[in-house]
Each structure stands twice: as structure tokens, then as C-alpha cells.
Amino acid sequence: MVLGACLLLTLLAAAPALAASPEPPPREAGRAASLAAHLRSDPVYVTDQLPRAVPRSTAPEFAKLAKRTGVPTYVLVLPRAGASAENEGLLGAVHDRLGRDGLYVLVDDSSVVAADTFGVRAPAEDAQTVQQYELPYDAGPLLSFERFVEVIAEGSKKAARHAADARAEYAGHGPYGEGYKEPEPLHISPTDRRNQSFLTGIVLAALPLLVLLLAPYVRRWWARRSAAPAPAPTPAPTPAGLGAERPSKGAAPSTTRFRWVVASVAAALAGLVALTATLLFDQTTSSAAPPPTGTDMTTRVERVVDGLRRDPVYTDPESPRVLSGRRMDELRKRVGEFERGPVYVALVPQLPEDESAGEAEAFADALHARLDKPGVYVVADPLAGEIDVITYHVRIDANLIAFDVPDSIRYGDTDDRSDDHRLGERLDRLMTFLDKAPRTDPPETSSYGDAAPDAVEERALPRLFSGDFWPGLMVGAFGALLVFGVVAGVLGIVRRATRSGASAGRRPVAGVAFEAPADPSASYLRDAAREELGALAREFDPDAALPSALRTRIWDCLDTATLLADRTGTRNDGAGPDGRVDDDVPPADLAAAVTLARMGRAALATGDTSKPSCALNPLHGPATGWRDAQYAPEDSRRRTLPVCATCRVFVTEHPGRAHTLRLTLPGPGRGRNGGGRVPYEDVAGPLPAARKGVPQLIRKVREYAGVQ
């Protein structure tokens, strides 16, 4: 009785395990036995058929992780097709043949796909659920197994809560999967890298170019905006106010220095954009797969070659058996009777993750290179059911093999859903087709010799500064020009609105003050001449009741300024002035025209014609006092100079630095601003006469223009 009860209890305890381990079909039995043999020598087995996704060299890493589960753990890493739902009883079958209790885990080329326990306790189902939901699709098998092990190590209670939380957060709850949350991928695709390169090119071209375009333009815009005199008395500005183009303490810096600063800022910005893009877009690979070693890429081929040396028909032990014993014997007989040369049949899966990237011809080339024997090489895929034939130095028409093997032999019947794809029958028909093939002389080869893609290069992302980076540069440059045009248009509208509002109903008043930089550019002088001549022409009414001397002075200033700036009337073409500042007027003549126009406006505003212009910068208008100052840096002596209100403040505080306010003009030479800066009293033309008073300047201009 007691013995019978014990036997009954033993059977009941074993019943769940037996139910969980259904006996696999006969075609799976050989595979389970082969895998059990591998696990008997090592508890972790990594197939040699996935070197591009899971190289065999990663087996030590899987083994190291497996030790953290706390229970005996056996790991099988197999191709995805070999770990599908149709092989549901594989783990149980392997356990039955191995005869060892523990945690059995099945991993494919992407993640943990199955796990079961035999004689031990471990939350295998919960751990599989967590890694399935929490990790993105591109996490890779090693990271998935690591997450699986971490949940196993948490214990059953924590793992159950963890799995429930994962389902609640990531799984869809609606009838059509509404609410499903996809974890963010860990890697980017080549398309994503092209987008990154394109964006980098746009920003790298647009930002520095905008700085180069906008900084000088805004600087000139502000200088032009400040060129007109104030309509009311103004307090003496600080020295920074002297530099309309680029203020600094005591004096306006040179335009050349400003350009260097802008260029430096643009270069620094370009470097910053490039560095930021390099750090932000630092991905180098599109896959989690570690790079395979040379041994990883040749192990399977060596295994098959070794098998073909012993038997011309090689069946992959890791794949379902698709040829019965009878079919195998018949195929060996047909192969042995073939008269054109040896025939080698390899029933081996062709997968995108294998060493040949799923290319049967590349796989056959590798077999032929190692066997170093001519013959007909047949690659039959037991998983997909496809048959490929490649010939090497045999007397069979290569074109016939490459193009005329019937599809019914290559691919089988599309409506055929048999597990073995009728490979035995189709291989027999293939041998019949080869027997009937015409004989050729000399021997021919049907292989084109195309190599499989490099396993590292195919997953490497393109360099950031390549590909779509160059079109991005062009788009960025175009965008910068477009933005510049919009900004320039807006500033132009603002400038015109401001000027028209300021000039409406304006009347000359006393205390007019003018601003101008110490180192104006030619474009600034041209714009200032245009503004000042227009303002004086608008403000001066020859019919107004003005004293005769005042009317004459203002008229002379307007007339001589026009002679300098608008030279059309002085040419021999007989045409008169067109009211525009000519483009070919030298900077010195433009400065003289601005000085005359401003002195005329000041006289009209104050009624005083006795004051000379500012000796340091005639563009500042009339002097308001006299100060002792060092006029030139090379001359330590001090002179008593007439200066405007602005210069008077600075000279009073810094008499030894008065020369920093002295007007300099672009010298002769190539370039936008000439070949250097020249003090205004040393330039050619009438401008140096401004130091001797307005009458002398008027006389010199008329002599210079040939007008009496």
C-alpha cells in the first residue's frame, strides 16, 4: 500500500513536467538529440549560423549572465525559424535527452523567445514577458537575455509585479491593440543617419553664413539710421556714441577689425555646430550585433565542408529533418551515379544573418573554395524550401543552370504546405534535369563570384559628414540667403518709416549735433552723402526770408556738395546732375560732400556761418569750442583745436588721446575699403581744406571741379 501510494505521488508530481514536454515529431528528434549533445559538454550553445547577429564568440558572455540566475541554466541560441511556434516542444525534448533539471532558455537572433523550468523554480514566464515588453525591437539577443536574467534574479514575487507593470505600461488593452506603447529604439537606421547629415549640413551652412551676412548689414543699417542730425539740442554723448559703426571706449575701432571679429565668430559658430553634431549624433552602427571574428564567419562553412568530405549529402543537425532515411539513400545513389562530375548536396538554411548573408551562391562559392573540387553544388534550404544549383568546371551549360532550372524545382509548388517542402521529390527531379542537360566542352562554371557583404560594413552607419550632408549645405546656404533677404526687407521698411516720420514737418532748430565714425567705410560715406544732400535740399527754401549771407552760404554748401557727389553734370556728355550720388566718387570726395552738407544744415538751423568744422572729424559738423589736444600720435605737442561738443568732452578727459578720434578714410588700393586708412588731412582732393574753414573748403571744391 505504502509503496503504491509513493509511486502514485511520484507520477502525479511528474505529470506537469510531462505535459510541458510533448514528444517532438520524428523530424525534430534528431535536432533535439544534437542540441542535447552540445549542452552536455557546455550549458550554453550558440549556433554558428548567425555570425552577423549573434557570433559564436559571444558564448562566454551568455554563460557569464546565465550564472546569475541562481539555478542551473541551459541556453540555446538558434536561428529564428528554428525557435518559432512550430517547434513548441523543442526545450522539453532537449531536456528529456539531456536528463538534467534546470532553467532552459531559447534565444533567437533578436531576443529570448521561449523559456521553461524543469525541476527548479524560476519566474521564467514573467522574465520573458518583461524583456519582451520593456526592450525595443533592436535591443539584440545579448541585451534581451541580460534583462531576462535580471528579472529571474529578482525572485518570483517581484518578477510577477514587474511583469504586470510591463503589461500595463506597454501592452495594448483595446480589442485592436489600442494603447500599445513601443519602446524607443536603441539604434538608428541609415535613413536616420542621412536625415542627421542633412540637418547638420543645413545648420552648419546657415548659421555662420547668417552671421557673415547680417552682422555687416545691421552695422551699416544702424550707421545709416544714425547719419541724420537730431532735430533738437542733444546733450554731449559719451565717447562710445562717436562710433556709429562700432563703438568702443574713446574711439571707433577699424572696419578691418570688425570684419575679423565677424569672421572669427562665424568660424567659431561653425566649429561649435560641427562639434555639437558630432557629439549629439555619435551613433556608429545600426545594430546591436557585435562584430564577428574571422573564425565566427568560417565555422559553419568548415563544418559543412567536413561533412561533405565524408558524405556528398550533408544534413544540418540544427534544422528539422526534411529527408527520410529512404529519401537520403535514394539521393546518395543518384548523386553517385552522376557522370558529369561529383555532386555535393548541402541541406543547410540560408539566413540573412549567416556568413553568406543568405546568398546561396556565396555559400556555395565558400564550400567550393575549401573543398577545392569541381562539381555540381546543390544548396537546399530545409527551412524555406528553396533549392539553388551552382556548377564549377563541369561539362554542363552554365546558362542552363543559371537561368533554366524550372521554378517547380527551385521553389516548389506555392500551394504546397508540407513541412518538408517536398525537398526529397524535388531533389530527385533536379538530378533528372542534370542528367538530361547537354554536355559542353570545355567545362563551364555558373557562379558569378559575387562576394557576400562585409559583416561590419553592412551595419556601420555612414559618416555624419557625408552623403546628404552636402545637399544640406546647399539648402542651408539658400535658407540663409532667404532669411537675410527677409531681414533686410524688414529693416529697410523700418528705416524708411523712421526717416519719413522724422522728416515730416521738420524745421531746423538750434543745437544740431551730428554723429559719425572715425573710420567710415566707403559704403557708409556714400549712404551718408545721399542722406545729407537730400535732407539739405528738403530743408533749404531759397525763397525763404533769410539773411543774404546765410542764404549764400547754404546755397554754396549745397552746390559744392552736389558737385562732389553727383558728377554727371561735370562730364562732357552735356547732361546735368541726376540728383543721385555716383558710384565712382572717391571716399575723400564723399566725406567732403557730407561735411559741406552738414555745415549747410547747421548754418540753416543756427543762422551762424562763422564756426569752423570739427578739426578732429569734419563729419561731426560745426565746432562748439576750442581745446588743447595731441593731434597726431607721432607728435607729442599739443595744439589748440576747434572741436565739436562730443569731441570736446573726450578731449577734456583724455587730451593725449585726441588723435584716436581723428577721421581716417579708405586709402587707394584694391579691396572694398582700399589699401589701408589715411588721415583726412593727407588725402587728395579738397577735403584737407576743411581745417581752414568752410569758405576755403567751398573754394577748393570749385577749383577741384573746374567750376568758377
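Following our numbering, the numbering of the sequence shown begins with 132 at its first residue and continues without gaps. Cβ atoms here follow ideal geometry from the backbone N, Cα and C, with glycine treated the same way. For clarity, every value in this text was computed on a predicted model and none was experimentally measured.
If you draw a 10 Å sphere on the C-beta of F494, you find 16 or more other C-beta atoms in it, and that means buried.
If you compare the alpha carbons of G223, P210, L335 and E285 with that of A611, the shortest gap goes to L335. When C-beta atoms of the stretch 423-435 are compared with those of the stretch 327-334, fewer than three pairs fall below 8 Å, so the two segments do not count as touching.
Assigned with DSSP and collapsed to three states, L667 falls in helix. In this structure V476 is in contact with L462, their Cβ atoms being roughly 7 Å apart against a cut-off of 8 Å. In this structure, T416 lies away from A270, with their beta-carbon atoms at least 9 Å apart. Restricting attention to G580, L411 and D485, the CA atom closest to the CA of E492 is found in G580. By the beta-carbon neighbour count (other beta carbons within 10 angstroms, threshold 16), N748 is buried. In the three-state reduction of the DSSP assignment, Q262 falls in the helix class. DSSP places F279 inside the alpha helix (DSSP H), whose first and last residues are P272 to E285.
Setting aside the 5 residues that flank it on each side, R560 is surrounded in the same chain by I540, each with a C-beta closer than 6 Å to its C-beta; the list follows chain order. With respect to the 9 Å criterion, G233 and V208 are not classified as neighbours on the basis of their beta carbons.
A direct Cα-to-Cα measurement between A723 and A821 gives close to 8 Å. Counting along the chain, the unbroken beta strand (DSSP E) around D519 starts and ends at I518 to Y523. When the beta-carbon positions are compared, P423 and P186 come within less than 9 Å of each other.
The beta carbons of P480 and Q180 sit closer together than 9 Å.
Residue pairing for Y655: DSSP places it in no beta bridge.
By the Cβ-count criterion, M605 is exposed, with fewer than 16 other Cβ atoms from all chains shown falling within 10 Å of its own Cβ. Annotation: the continuous alpha helix (DSSP H) that includes F564 extends over L554 to K567.
For V617, the number of other beta carbons within 10 angstroms of its own is below 16, and it is reported as exposed. According to the DSSP secondary-structure assignment, E468 is paired through a beta bridge with no residue. Around the beta carbon of V175, a 10 Å sphere encloses 16 or more other beta carbons of the protein chains shown; the residue is thus reported as buried. Look at E575 here: in three-state DSSP terms it is strand. Taking a contact as a CB-CB distance under 8 Å, the pair V243 and F276 counts as one, their CB atoms being some 6 Å apart. Apart from sequence neighbours up to five positions away, no residue of its chain approaches R830 with a beta-carbon distance below 6 Å. Burial check for V621: the Cβ neighbour count within 10 Å stays below 16, so the residue is exposed. The beta carbon of T409 sits closer than 8 Å to those of L595, all from its chain and outside the five residues before and after it, given in chain order. Counting along the chain, the unbroken beta strand (DSSP E) around Y176 starts and ends at V175 to V177. DSSP, reduced to helix, strand and coil, places V814 outside both helices and strands of the structure shown, so it counts as coil.
The Cβ neighbour count for R292, taken over all protein chains shown within 10 Å, is under 16; the residue is labelled exposed. At least 9 Å separates the beta-carbon of Y523 from that of P537. A straight-line Cα-Cα distance of about 13 Å links A659 and D697.
If you check the CB distance, S577 and N530 come in under 9 Å. Here DSSP, grouped into helix, strand and coil, assigns L222 to helix. Among the bridge pairs identified by DSSP, Q761 is matched with R769.
Here P797 is bridged, per DSSP, to R808.
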